[in-house]
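Going by the UniProt record's numbering, the letters in the sequence shown line up with residues 1 to 397, in that order. All residues carry an ideal CB built from backbone N, CA and C; glycine is no exception. A short write-up of the structure that comes next.
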Amino acid sequence: MNKKIEKKGTGQKKKKPLFLAWLQLRKERARLLVAIAGISFADLLMFLQMGFRGALFSSAVEFHQSLNGEIVLLSSRSRSLISLDRFTERRLYTAAGVTGVESVSPIYLNFIQWRNPYNKEIWDIYAVGINPEHQVMNLAGLQANWEKLREPDTALFNANSRSEFGAIAQHLQSGESVTTEINERQIQIRGLFRLSPTFGINAYLITSDINFLRMAPFRQKGLIDVGVVKLKPDADVQRVLAELRSRLPNDVKVMTKAEYIQAEVAFWNASTPVGYTFDLGVVIAFIVGAVIVYQILYSDVTDHLPEYATLKAMGFRDRYLLIVVFQESLILAALGFLPGTAIALGVYEITKIATSLPMAMDLGRIVFVFLLTAIMCSASAAMAVRKLQTADPADIF
């Protein structure tokens, strides 16, 4: 009987710190609401910085992922999709002779001047010139419009383009014909495809390689930007890759499609200030949240110092009091994280609609931000309890 009572008493004692932590937080409701708002704001900032960073990388490689091939050829001086150099198409003919290669396809890429057909404003649009016979890209809407690319002076427009390029998608979907001017040449828009804009490209245009050279007379035929190598189903990718690297001169980079994607991500993450800026934003949001929680917990400890001193005089150890403060910090973390996540989901959706960037929340990001929030609040608690550890009941009374 005595053992049962002792176990029951022990169980109650374990619950007391959490109960006490919640009572202290609830007592000062205005302070509690300020803390929740501060943590929610910090979480929102972290979610936004990570969301923009994720959108940066995912949008930057959508073009790369759409390529219908296992190996990509680039000029050795090319750095990214917006920083390309050209190489001779003859390198593709060499690649076509390698055992295991099924087909090779050239792609022309360049910014060209697009005239908005409705307000006549001129914007730079990213034109993609491909051979319609090869079907070198897999994009939503593109498969149904291959035949239209064979017609002279025709192109397909990106339905995800930003509004400054004109309401092309709406007019086409309503059955209207759309004719515009590109580099002082009349072009008819015959269909739509979907490709997200990036931080360097606001809109895409896809046309045939012949039409591309007509739209961009400054480009020389035979000098291409990207070469796509499609392998036979039974081909060994690594063997073909090694043979291509041994046969082709150093003016061409030979990469797998996965390596091409990784190189684009590395460019935006390391070679531009954009990736660093978003990482710095997460750090700043973390520091802002930590300062807010520290101020709240420090004020709480200071206000309840006589009560803590009384508990010390009654025999409660510092460990018990430290647990109370740390539990307060974790309660604040949970209470602030929930509204912060809900607001972030709404802002993601608004940003996606306004910018057409692929802003998307995923479980990994939610878990990561929650862990950052818990660490942020725990670190603030660790700083706030220093005053509690130095408190002496004799000094208080």
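Under 8 Å by Cβ, that's how I've got residue i and residue j pegged, so tell me the actual separation to the nearest angstrom.
i: residue 417; j: residue 46; result: This structure cannot settle anything about residue 417, because the visible part of the chain is limited to 1 through 397.
i: residue 106; j: residue 84; result: At roughly 13 Å, the Cβ-Cβ gap does not stay under 8 Å, so residue 106 and residue 84 are not in contact.
i: residue 213; j: residue 157; result: About 19 Å separates the two Cβ atoms, so there is no contact after all.
i: residue 94; j: residue 194; result: Between residue 194 and residue 94 the Cβ distance is about 34 Å, and since that is not below 8 Å, they are no contact.
i: residue 205; j: residue 127; result: 5 Å
i: residue 188; j: residue 234; result: That belief does not hold up - the Cβ atoms of residue 188 and residue 234 are roughly 42 Å apart, past 8 Å.
i: residue 384; j: residue 324; result: With a Cβ gap of about 11 Å, residue 384 and residue 324 do not count as contacting.
i: residue 43; j: residue 336; result: 6 Å
i: residue 110; j: residue 165; result: Their Cβ separation, rounded to whole angstroms, is 16 Å, which puts residue 110 and residue 165 out of contact at 8 Å.
i: residue 296; j: residue 34; result: 7 Å
I need the straight-line Cα distance from residue i to residue j, nearest angstrom please.
i: residue 369; j: residue 347; result: 16 Å
i: residue 226; j: residue 186; result: 26 Å
i: residue 253; j: residue 278; result: 30 Å
i: residue 161; j: residue 301; result: 54 Å
i: residue 321; j: residue 332; result: 17 Å
i: residue 86; j: residue 217; result: 15 Å
i: residue 298; j: residue 23; result: 16 Å
i: residue 20; j: residue 32; result: 15 Å
i: residue 97; j: residue 62; result: 29 Å
i: residue 366; j: residue 317; result: 36 Å
i: residue 102; j: residue 190; result: 30 Å
i: residue 132; j: residue 342; result: 45 Å
i: residue 242; j: residue 256; result: 11 Å
i: residue 75; j: residue 249; result: 10 Å
i: residue 176; j: residue 330; result: 58 Å
i: residue 202; j: residue 283; result: 29 Å
i: residue 28; j: residue 361; result: 34 Å
i: residue 129; j: residue 345; result: 37 Å
i: residue 197; j: residue 151; result: 26 Å
i: residue 239; j: residue 245; result: 10 Å
i: residue 148; j: residue 81; result: 26 Å
i: residue 159; j: residue 52; result: 21 Å
i: residue 338; j: residue 352; result: 21 Å
i: residue 211; j: residue 134; result: 16 Å
i: residue 173; j: residue 65; result: 27 Å
i: residue 371; j: residue 237; result: 40 Å
i: residue 77; j: residue 118; result: 39 Å
i: residue 104; j: residue 373; result: 50 Å
Does the distance from the C-beta atom of residue i to that of residue j stay below 7 Å?
i: residue 70; j: residue 231; result: yes
i: residue 260; j: residue 72; result: yes
i: residue 402; j: residue 228; result: With the chain covering only 1 through 397, there is no way to say anything about residue 402.
i: residue 350; j: residue 215; result: no
i: residue 108; j: residue 251; result: no
i: residue 49; j: residue 340; result: no
i: residue 25; j: residue 328; result: yes
i: residue 268; j: residue 60; result: yes
i: residue 155; j: residue 99; result: no
Which of the three DSSP states is assigned to residue i in this structure?
i: residue 126; result: strand
i: residue 265; result: helix
i: residue 348; result: helix
i: residue 373; result: helix
i: residue 82; result: coil
i: residue 61; result: coil
i: residue 101; result: strand
i: residue 278; result: helix
i: residue 324; result: helix
i: residue 307; result: helix
i: residue 302; result: helix
i: residue 54; result: helix
i: residue 203; result: coil
i: residue 161; result: coil
i: residue 66; result: helix
i: residue 295; result: helix
i: residue 191; result: strand
i: residue 248; result: coil
i: residue 41; result: helix
i: residue 110; result: strand
Determine whether the Cβ of residue i lies closer than 7 Å to any Cβ atom of chain D.
i: residue 272; result: In the structure shown, chain D does not exist; there is a single protein chain.
Checklist entry - How about the stretch 176 to 192 and the stretch 115 to 122: do they share at least three Cβ pairs that are nearer than 8 Å? => result Segment contact: the stretch 176 to 192 against the stretch 115 to 122, three or more CB-CB distances shorter than 8 Å; contact assigned.
- Message: Quick test of the definition: if touching needs 3 or more C-beta pairs under 8 Å, does the stretch 288 to 301 touch the stretch 364 to 382?
- Response: Contact holds: three or more Cβ-Cβ distances are below 8 Å.
Can you find at least 3 beta carbon pairs, one from the stretch 347 to 367 and one from the stretch 265 to 279, that sit closer than 8 Å? In short, these stretches do not touch, since the Cβ pair count stays below three.
How do the stretch 216 to 223 and the stretch 166 to 179 stand: do at least 3 beta-carbon pairs fall below 8 Å, yes or no?
No, they do not touch.
Spell out a yes or no on whether the stretch 142 to 156 and the stretch 248 to 264 are touching, meaning 3 or more CB-CB pairs, one atom from each, closer than 8 Å.
Look at the beta carbons and you see the stretch 142 to 156 not touching the stretch 248 to 264: under three pairs across the two are nearer than 8 Å.
### Task
Pair every Cβ in the stretch 52 to 62 with every Cβ in the stretch 33 to 41, then say whether three or more of these pairs are closer than 8 Å.
The stretch 52 to 62 and the stretch 33 to 41 do not touch, with fewer than 3 CB-CB distances between them shorter than 8 Å.
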